[in-house]
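K.L.:
Handing you a structure now.
Protein chains: 2
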Amino acid sequence: MISDAALAEFRAVAGPQGLVEDPDLIAPWLSDWRDKYHGRSVAMLVPRSTEQVAAMMRVALAHGIPLVPQGGNTSMVGGATPPADGSALILSMRAMNRIRSLDPAANLAVCEAGVILATLHEAAAAAGRRFPLSLGAKGSATIGGLISTNAGGTQVLRHGTMRALVEGIEAVLPNGEVHDGIAALKKDNRGYDLKQLLIGAEGTLGIVTAASLRLVPGIADRCVAWVGVEDPHKALALLRRMEASVGPVVEGFEVLPEDTVEFTLGVVPGTRRPIETRAPWHALIEIDLDAAAEGPSAQARMEAALADAFEAGLILDAALAANETQAESFWKIRESASEGERSQGPALQFDISVPIADMPRFMTEVAAACEARFPGTTAGSFGHLGDGNVHFHVRAPMAEGAETARAWIARHGEAATRFVNDAVVAAGGSISAEHGIGQMKIGEFARLAAPAQIHAVQAIKHAFDPGGLLNPGKLVPLAPVR
Amino acid sequence: MISDAALAEFRAVAGPQGLVEDPDLIAPWLSDWRDKYHGRSVAMLVPRSTEQVAAMMRVALAHGIPLVPQGGNTSMVGGATPPADGSALILSMRAMNRIRSLDPAANLAVCEAGVILATLHEAAAAAGRRFPLSLGAKGSATIGGLISTNAGGTQVLRHGTMRALVEGIEAVLPNGEVHDGIAALKKDNRGYDLKQLLIGAEGTLGIVTAASLRLVPGIADRCVAWVGVEDPHKALALLRRMEASVGPVVEGFEVLPEDTVEFTLGVVPGTRRPIETRAPWHALIEIDLDAAAEGPSAQARMEAALADAFEAGLILDAALAANETQAESFWKIRESASEGERSQGPALQFDISVPIADMPRFMTEVAAACEARFPGTTAGSFGHLGDGNVHFHVRAPMAEGAETARAWIARHGEAATRFVNDAVVAAGGSISAEHGIGQMKIGEFARLAAPAQIHAVQAIKHAFDPGGLLNPGKLVPLAPVR
């Protein structure tokens with residue numbers, strides 16, 4: 004239980020607006036956006052400065068009260084939901100939402116943790132630059148959350164995950180000290196790299212309060228194409244051939260199977276099939292050039308690359324977006340793919356990666372093996388083939404509708420989850436490519452990770468946060484199962 | 004003391020060739036290459052496999068014997084020299100020198116820790132690829148050492164430090180467990196990133212045994228230019244202008260002051276001044292294109308960029324290397340700059356970084372302030388301006404020759420070191436940009452790092468290696484001084 008004395012101390016450091024106690028204001032932040040995880044928090048801390056975060060951490064430390072750092076609350080794995088027993092307080096970083104500086108000459112933006120991704124996109128664009136990481140939740144997701152989960156998205160192929168874009172970091176550590184590593188140093192070999200350790204730590208080792216982020220030149224010329232291909236092997240061969248011929252200007256390369264495209268077109272108003280051919284697989288490709296790019300236009304490069312690929316027997320059909328509206332409509336299909344899949348009934352979802360060269364085999368063989376092992380299911384995947392990362396799903400049998408499916412998941416969900424994750428591990432892959440561990444994957448992480456990794460994770464957590472006060476119940480398995 | 008029983012156990016796991024006891028064979032590895040640090044090691048472990056490394060670590064653990072991992076022994080900070088008291092054993096990784104695989108299609112090489120950098124360069128070139136990290140010690144430095152020190156070099160501007168090139172890692176942890184993270188996964192958010200933690204840890208958290216490394220396309224077309232500029236401000240403005248006009252194809256951008264060029268020409272046989280103008284500062288610029296590059300040649304881009312810079316008043320004079328021989332001779336001057344500087348007598352050397360935009364001010368103001376504070380000294384810097392990293396030196400007064408200088412360093416060296424490092428910290432910079440901490444910088448690291456950082460470094464070390472058995476006396480300050 005959280006004592007009145009502790010709340011009074013939090014109130015003293017938080018100021019009048021910094022401790023929210025109205026249950027109606029707290030309620031929206033107690034569950035994840037998919038409504039799978041539900042927590043309690045008698046109050047919500049809303050710091051306005053790094054110093055306030057540090058002071059709050061010290062009060063938490065003195066009273067042994069766990070804190071759950073929260074940004075836009077868009078976690079896919081229940082990573083920002085407080086525990087159900089009400090033992091912890093939400094620490095909302097949303098009020099620390101200032102862009103401290105944006106320097107187009109240095110290609111740097113210094114943002115507080117609560118800055119919303121779309122806000123940074125707009126600020127960068129206004130300065131002739133861009134922040135090259137985007138994802139569906141960009142209107143809610145915050146910089147702090149994106150850093151703490153090492154977010155990915157659709158531009159990783161060219162620009163990397165969040166890790167590649169963070170140049171400096173400021174954070175409050177569980178002992179109440181402030182780590183000031185905000186200066187953007189391209190080279191810094193002073194001891195262990197705390198920045199790298201905090202990125203992807205899901206708020207369990209420290210509270211990210213601000214970061215220096217790398218910007219890139221704005222897009223001066225882009226071309227988006229929709230291509231029909233025989234299978235993921237051909238799709239990957241196409242990507243490799245394009246990289247060799249047009250260089251590192253391919254920014255998007257997403258693949259979808261025909262059925263996902265079909266379902267998506269069925270549920271998203273205003274979408275239409277980009278190519279007439281009902282190819283077994285589809286690839287969405289984007290080439291982006293900035294103002295410094297020499298040589299042919301994006302469209303000329305795309306046309307040459309696709310003509311060459313057609314010649315080489317790698318593609319079945321292709322359409323180039325004739326204008327921005329059409330380009331957006333192509334992307335709309337990709338971005339709505341999850342919705343299209345959901346329309347077919349309840350499914351198990353996996354966010355997985357394997358070495359890129361092995362991904363085509365994984366996508367086809369493991370889907371088939373899964374359907375054979377669990378009769379009546381439909382397994383498939385779509386997503387970031389060029390990153391070796393797809394979203395793999397197993398749709399439950401729908402013989403008698405959604406109820407059958409839900410019953411199937413209750414009965415076989417765990418076995419099917421183990422089946423898919425075992426295949427990922429056998430391929431040397433990751434059971435969490437971009438969503439993190441949170442609370443959803445902690446059991447499978449503990450089951451599948453090597454003892455060396457689990458022991459190291461536990462040792463690091465204990466070293467930073469011996470009292471287990473930061474984001475309890477997330478990421479760190481309590482004991483190795485294996 | 005290391006008991007005979009312990010040595011017998013090491014011999015049992017190491018095999019006949021794996022435990023070197025001949026003092027003549029050990030001797031070359033007891034001192035650093037600059038002969039500043041001298042250690043003792045009664046025997047040298049030479050494992051042939053990851054399993055042997057793990058077995059050796061377990062024997063070390065059982066007997067409480069510290070191990071000093073060593074690659075090419077080219078540390079600039081005494082990072083691979085065993086302690087002088089003979090309490091530790093050298094663990095030489097040089098016999099684990101196999102390139103396990105090299106896949107040009109996937110742009111990946113899997114190397115054991117003992118592979119020498121130049122060997123990897125050759126293997127990549129033979130496959131039409133390259134490994135884009137190079138430095139003076141490339142004929143001796145090993146992959147394991149380069150990873151453990153997060154090495155830099157002259158190609159960081161475009162390709163990043165070692166950290167950016169390591170895609171997967173295999174290591175033996177201090178508890179004797181093997182961390183198998185060798186699979187190259189572009190996205191992997193399973194818990195804390197052990198790979199990132201081991202990179203730059205200087206062998207204090209684990210022994211890197213192998214790594215998956217990223218390759219890039221071979222160079223199809225390059226152009227090297229030597230440019231005279233007024234000052235570092237103009238040099239940085241030139242780089243920024245070039246990046247905006249020719250894009251991310253500038254691979255090298257090094258600056259040197261006139262006196263360093265003069266001294267270097269004086270000591271390196273066969274070198275000649277690339278431009279006639281005695282400009283106050285010089286920049287060495289390289290543009291590299293791979294086969295996929297569209298548009299003008301490297302030379303055409305360089306010419307256009309320099310004509311534009313001349314027009315804008317940024318450069319005083321310029322010469323393009325007419326052929327490969329001349330290009331190499333330009334680089335020879337840069338690569339011999341340290342030798343040129345050394346010819347002028349004893350000096351204090353600093354490997355420092357500050358935010359890039361602030362580097363021109365730092366180079367000029369701090370050098371002047373240092374000379375004012377320590378009359379008779381000459382302070383200056385040269386190096387990787389585009390990375391915000393230069394090698395700053397303070398030459399001791401030479402009134403009565405080298406002896407005077409050595410006496411001055413003995414008397415004032417510590418104060419001058421503090422003066423320069425204080426200026427680095429005041430600028431938000433790093434006192435170790437690319438060389439690491441080792442034993443040489445541990446005192447200044449402890450003096451200058453914030454308590455939050457020191458505490459975190461100590462906590463991580465203790466979590467991984469509570470017995471202090473891996474590379475003792477390096478990187479980790481025993482207690483914060485500040």
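If you read the protein sequences in the order shown, they are chains P and Z. The opening position of the first sequence corresponds to residue 4 in the working numbering, with each subsequent residue numbered one higher. The opening position of the second sequence corresponds to residue 4 in the working numbering, with each subsequent residue numbered one higher. Quick reminder that beta carbons are idealized off the backbone N, C-alpha and C, glycines included.
When you compare the CB positions of P/ALA8 and P/ALA116, do they come within less than 9 Å of one another, or not?
P.N.:
no
K.L.:
Could you check what DSSP says for P/SER300 in three-state terms: helix, strand or coil?
P.N.:
coil
K.L.:
Between Z/PRO454 and chain P, is there a C-beta pair that is closer than 9 Å?
P.N.:
Yes, Z/PRO454 lies at the interface with chain P (some Cβ there is under 9 Å from its Cβ).
K.L.:
Assuming Z/LEU235 is part of the alpha helix (DSSP H), what are its boundary residues?
P.N.:
This sequence places Pro at residue 235 of chain Z; Leu is not what is there. It spans 235-249 - the alpha helix (DSSP H) in which Z/PRO235 sits, taken as one unbroken run.
K.L.:
If we define contact as Cβ-Cβ less than 9 Å, is P/LEU473 a contact residue for chain Z?
P.N.:
no
K.L.:
Keeping to the same chain, check which residues put their C-beta closer than 6 Å to that of P/THR157; ignore five residues upstream and five downstream.
P.N.:
Excluding five sequence positions before and after P/THR157, the CB atoms of its chain that fall closer than 6 Å to its own CB belong to GLY255, given in chain order.
K.L.:
Which residues, in chain order, does the region 294-311 of chain Z contribute to contact with chain P at a C-beta distance below 8 Å?
P.N.:
ALA294, ALA295, ALA296, GLU297, GLY298, PRO299 and ARG304
K.L.:
What's the call for Z/GLU517, buried or exposed, on a 16-neighbour Cβ count within 10 Å?
P.N.:
With chain Z running from 4 to 485 in the structure shown, residue 517 of chain Z is simply not present.
K.L.:
Tell me the residue span of the alpha helix (DSSP H) that contains P/ARG166.
P.N.:
165-168
K.L.:
Rank Z/ALA419, Z/SER435, Z/VAL56 and Z/ARG161 by C-alpha distance to the C-alpha of Z/SER78 and give the top, closest one.
P.N.:
Z/SER435
K.L.:
Grab me the residues of P/LYS237's own chain with a C-beta within less than 6 Å of its C-beta, minus the 5 sequence neighbours each way, in chain order.
P.N.:
LEU317
K.L.:
Could you spell out where the beta strand (DSSP E) holding P/ASN100 opens and where it closes?
P.N.:
Here P/ASN100 belongs to no beta strand (DSSP E), and DSSP marks it neither H nor E.
K.L.:
Please report how far the alpha carbon of P/ASN110 lies from the alpha carbon of Z/PRO251, in whole angstroms.
P.N.:
13 Å
K.L.:
Measuring straight from C-alpha to C-alpha, what distance separates P/ARG421 and P/ARG376?
P.N.:
Looking at the two C-alpha atoms, the distance is approximately 12 Å.
K.L.:
Find the nearest neighbour of P/GLY74 within the set P/LEU64, P/ASP88, P/VAL49 and P/ARG61, judged by alpha-carbon distance.
P.N.:
P/VAL49
K.L.:
Tell me where the alpha helix (DSSP H) around P/TRP36 begins and ends.
P.N.:
Segment: none, P/TRP36 is in no alpha helix (DSSP H) and carries neither H nor E.
K.L.:
If we cut at 9 Å on Cβ distances, does P/PHE134 have a partner in chain Z?
P.N.:
No, no contact with chain Z.
K.L.:
From P/MET99 to Z/ALA429, what distance separates their C-alpha atoms?
P.N.:
26 Å
K.L.:
Ignore the nearest five residues each way along the sequence and tell me which others in P/TRP411's own chain have a CB closer than 6 Å to its CB.
P.N.:
ALA399 and PRO400
K.L.:
Taking P/ARG166 as the reference, give the member of P/ARG43, P/GLY155 and P/ALA174 with the closest Cα.
P.N.:
P/GLY155
K.L.:
Excluding the 5 residues preceding and the 5 following Z/LEU94 in the sequence, name in chain order all residues of the same chain whose CB lies nearer than 6 Å to its CB.
P.N.:
Counting only Cβ-Cβ distances below 6 Å, and skipping sequence neighbours, we find LEU48, LEU70 and PRO72.
K.L.:
Below 8 Å on the Cβ atoms is my guess for P/ASN487 versus Z/ASN153; work out the distance and round it to an integer in Å.
P.N.:
As shown, chain P starts at 4 and ends at 485. That puts residue 487 of chain P outside it, with no answer to give.
K.L.:
Does Z/ARG485 pass the burial test, meaning 16 or more other C-beta atoms within 10 Å, or should it be called exposed?
P.N.:
Here the model assigns Z/ARG485 a pLDDT of 41, short of 50, so the residue's position is not dependable, and the following value carries that caveat. It counts as exposed.
K.L.:
At a CB-CB cut-off below 8 Å, which residues of chain P make contact with Z/PRO358?
P.N.:
By Cβ distance, chain P contributes ALA109, ALA186, ALA187 and LEU188.
K.L.:
Which class does P/PRO72 belong to by DSSP, given the choice of helix, strand or coil?
P.N.:
strand
K.L.:
So Z/LEU197 and Z/HIS182 are in contact, right, with Cβ under 8 Å, and what is the actual spacing, rounded?
P.N.:
6 Å
K.L.:
Thinking C-beta only, is P/SER300 closer than 9 Å to P/ASP224?
P.N.:
Taking a C-beta distance under 9 Å as the contact criterion, P/ASP224 and P/SER300 qualify as a contact pair.
K.L.:
Output, in chain order, the set of chain P residues within a Cβ distance shorter than 7 Å of Z/ARG243.
P.N.:
ALA108
K.L.:
If distances are taken between C-alpha atoms only, which option among Z/GLU447, Z/ASN326 and Z/GLY470 comes closest to P/GLY194?
P.N.:
Z/GLU447
K.L.:
Any beta carbon from chain P within less than 9 Å of Z/THR420's own beta carbon?
P.N.:
With 9 Å as the cut-off, Z/THR420 does not count as an interface residue toward chain P.
K.L.:
Measure the alpha-carbon distance for Z/ILE457 versus P/LEU64 and round it to whole angstroms.
P.N.:
20 Å
K.L.:
CA-CA distance, P/SER34 and P/VAL45?
P.N.:
So the alpha carbons of these two residues sit roughly 14 Å apart.
K.L.:
At a Cβ threshold of 9 Å, is P/ALA429 touching chain Z?
P.N.:
no
K.L.:
Of all the CB atoms in chain P, is at least one closer than 9 Å to the CB of Z/PRO50?
P.N.:
no
K.L.:
Could you confirm whether any beta carbon from chain Z is found closer than 9 Å to the beta carbon of P/VAL16?
P.N.:
no
K.L.:
Determine the direct distance from the alpha carbon of P/SER215 to that of Z/PRO39, and round the result to whole angstroms.
P.N.:
In the sequence on display, residue 39 of chain Z carries Lys and not Pro. Approximately 38 Å between the Cα atoms of the pair.
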